[in-house]
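Just below is one structure, and these are the notes that go with it.
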Ligand SMILES: [Zn+2]
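Numbering (this note's numbering), first residue to last: 5 to 277.
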């Protein structure tokens, strides 16, 4: 049985509910679980290098210099709490970029520990379930941060593993995995690490080949973390129907494939242990 974990990133206090529903709907309507990597307390003035606001910020709060907890988005929180197929993953704290440094690329592990605990509290304050999986913004986590994540979470999901960001004790295993090209899931002391094949569903990819690329990848892996960003389907406020159709095509494939199961991070960690 091949496993697939569907992960949608960046849900936050400014996210319109219909943005999320349009992207997760094709999956949950078919009984397939989706894991929402939610930003606990979003900074509403995050700007990219070219000065544009982050694509996941929208509405009247976008651009204001403040942080807003996820509990402020009652429509989204109520929807997530009422939809048993949606899981909650902790995605950073505010997703802030300071200078050119991403939020969890922070060497001071004391600070990272505080931010992790604050993020967990924000999710719990919104009456969301306690997340057992962490995703660092921009897939960037310092070595000290990794140790703090390992103390608090059962799973860590990221794009790739960098030797310099992992404890020295894990380097031999990383080397072994690279030599054996076995890099998707890695169970180590106290935590299961999941890598993903990049954003195969990115809006930068040609729409005509997106579904076949994803399906080919899933068919060749024991476990695939499939990452999407709902806001990429709503650029300029209008739905990208062509790309939403791709999600529906993938959902249909997953539903019909008898040798593929869509699962949570907890479930995958248990099954692959
Ligand atoms: Zn993100």
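Think of the CB as a built atom: it goes at the ideal place given N, C-alpha and C, for glycine as much as any other residue.
A quick note: this is a predicted structure, and the numbers were derived from the prediction, not measured.
- Counting along the chain, no alpha helix (DSSP H) covers residue 14; the unbroken beta strand (DSSP E) around it starts and ends at 6-15.
- Here residue 73 carries a strand assignment [DSSP, helix/strand/coil].
- Residue 198 carries a strand assignment under DSSP once its states are collapsed to helix, strand and coil.
- Within 7 Å of the C-beta of residue 141 there is at least one heavy atom belonging to ligand 1.
- Note that the C-beta distance between residue 40 and residue 84 is below 8 Å.
- For residue 27, the enclosing alpha helix (DSSP H) starts and ends at 21-32.
- Excluding sequence positions up to five before and after residue 203, its CB lies within less than 6 Å of the CB of 231, all in the same chain and listed in chain order.
- Secondary structure of residue 78 (DSSP, three-state): helix.
- Going by C-alpha positions, residue 177 is about 17 Å away from residue 276.
- Non-local C-beta neighbours of residue 65 in its own chain, meaning closer than 8 Å and more than five positions away in sequence, comprise 17, 18, 48 and 72, ordered along the chain.
- Bounds of the alpha helix (DSSP H) holding residue 120 are 113-129.
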